[in-house]
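Following: one structure in structure tokens, then a few remarks.
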Amino acid sequence: MMIVMKQGASPQDIQAVVDRIESVGARAHPSKGDEVTVIGAVGDLEHIARLELEGAAGVDRVVPILKPYKLASAQLRHGGRSVLDIAGRAVGGDHFALIAGPCTVESRDQLLTAAEVVKDAGGTMLRGGAYKPRTSPYAFQGLGEEGLRLLQEAKDVTGLPIVTELMDARDLDAVLEVADVIQVGARNMQNYTLLTEIGRSGCPALIKRGLSSTLEELLMAAEYVLKEGNEKVMLCERGIRTFEKAYRYTLDLTAVPVLKELSHLPVVVDPSHAAGRRDLVEPLSLAAAAVGADGIIVEVHPDPENAICDGPQALRTDDFARYTAKVEQAAALAGKALSAQVA
Ligand code: PEP
Ligand code: MN
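All residue numbers for the sequence shown refer to my numbering, where the first residue is 600 and numbers rise by one.
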């Protein structure tokens with residue numbers, strides 16, 4: 600249910616509606632727009648309906664949210680977009696986030712070299728996994744806490760916010776020490792207990808679309824995080840499983856405008872995992888930027904030939920500034936500029 604307040608509604612009117620929603624055990628999620636405040640009420644619909652909020656002071660109207668995802672729905676923002684503040688960087692709206700770094704944190708030298716290159720090229724955030732979801736249990740599983748320490752060092756040196764994956768809620772506290780954004784991997788998109796914990800933590804989240812998940816399932820995953828009162832959620836298209844075998848996954852770029860139609864949340868594209876091949880990463884990045892993505896998360900490595908993980912798809916650090924300049928141009932076509940640090 601969505602309670603649309605009148606233009607002149609006072610803070611007291613808004614609080615009174617919030618209190619009444621919460622009095623029946625439902626959750627109230629107020630969102631202040633440019634013109635009006637809208638309060639999303641999530642919980643038992645019958646209980647909420649019985650409140651008869653239509654008659655309450657300052658309330659303009661009560662509208663049902665028809666989609667199964669309520670807080671992620673575009674309806675909640677009247678078509679307006681969410682612009683997230685991630686450690687001083689804006690994501691969404693006119694801002695384009697370039698998130699880059701190695702697949703996996705392998706060593707101090709590898710990470711710091713990549714981090715400096717990302718920073719110098721004007722990147723928005725640094726990515727790097729300390730906990731890795733590997734198809735084989737015999738493959739390198741990530742440096743774990745040592746990887747987190749190295750990410751902290753890279754953050755201290757460059758000032759770049761950190762995006763890193765959490766696979767297991769038991770590692771949440773350790774990851775929260777360094778992460779500015781928690782990445783939920785494609786394989787964990789439907790790990791609902793993990794999503795709930797991330798929601799409760801309040802840490803911004805980047806949720807990757809599952810290998811065979813529909814957009815509605817992705818939005819329901821986001822809903823788990825939003826439901827806990829955590830509004831900082833980014834959606835990520837990273838390629839899905841189709842019958843095509845010529846490349847790793849099929850990058851579903853149609854998902855970008857469609858997700859933006861269905862939801863107010865920022866949409867980021869990962870061309871690296873979709874392509875699986877370095878030569879495809881740039882054209883896919885340009886297409887993603889031109890189609891209106893709010894950002895890209897891409898892998899870059901100083902020595903891809905010797906990378907422990909995902910080397911064939913990693914951009915080379917010595918080519919990264921050129922790549923960034925091209926992506927910046929493509930984003931400009933869609934009316935977006937690289938998000939810089941807010942002073
Ligand atoms: C990654 O970002 O390194 C990764 C494993 O991504 P995904 O979950 O999309 O496969
Ligand atoms: Mn990877």
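Where a beta carbon is used, it is the ideal one built from N, C-alpha and C, also for glycine.
Inter-residue distance for Glu843 and Thr849 is about 7 Å (C-alpha atoms, whole angstroms). In the DSSP annotation of this structure, the continuous segment of the alpha helix (DSSP H) that includes Thr795 starts and ends at 791-800. Secondary structure note for Pro629: its beta strand (DSSP E) is the uninterrupted segment 626-631. Within the same chain, Pro901, Thr916 come within 8 Å of Thr712 by CB-CB distance, once the 5 residues on both sides are set aside. Under a 10 Å Cβ-count criterion, Ala939 is classified as exposed, with fewer than 16 other Cβ atoms of the shown protein chains found around its own Cβ.
Only residues of its own chain outside the window of five on either side were considered, and among them Leu765, Glu796, Ser800 have a CB closer than 7 Å to the CB of Leu771, listed in chain order. Here Arg649 has Val623 as same chain residues with Cβ atoms under 8 Å from its own Cβ, once five neighbours each way along the sequence are excluded. Here Val690 really is in contact with Ala696; their C-beta atoms are around 5 Å apart, less than 8 Å. In the DSSP assignment, Glu881 falls within the alpha helix (DSSP H) that extends over 877-889. Going by beta carbons, Ile685 and Pro760 fall inside the 8 Å limit. For Glu634, the secondary structure class from DSSP, reduced to helix, strand or coil, is coil. Here Val716 really is in contact with Val899; their C-beta atoms are around 7 Å apart, less than 8 Å. The stretch 816-829 and the stretch 722-735 do not touch, with fewer than three beta-carbon pairs separated by less than 8 Å. Relative to the ligand PEP, Arg877 has its C-beta separated by 7 Å or more from all heavy atoms. Per the coordinates, the alpha-carbon of Leu670 lies some 25 Å from the alpha-carbon of Ala887. Selection Val658, Gln709, Ile620 evaluated against Gly607 yields Val658 as nearest (Cα-Cα).
In the DSSP assignment, Glu836 falls within the beta strand (DSSP E) that extends over 832-836. For His900, the shortest C-beta to heavy atom distance toward the ligand MN is 7 Å or greater.
DSSP places Asp719 in the uninterrupted alpha helix (DSSP H) bounded by 707-719. Taking a cut-off of 8 Å for Cβ pairs, the stretch 829-840 and the stretch 857-876 touch, as three or more such pairs fall below it. At least one heavy atom of the ligand PEP falls within 7 Å of the beta-carbon of Cys702. With respect to the C-alpha of Val682, the residue from Gln782, Val662, Asn790, Ser630 having the closest C-alpha is Ser630. Phe919: not part of any beta strand (DSSP E); member of the alpha helix (DSSP H) spanning 919-932, first to last residue.
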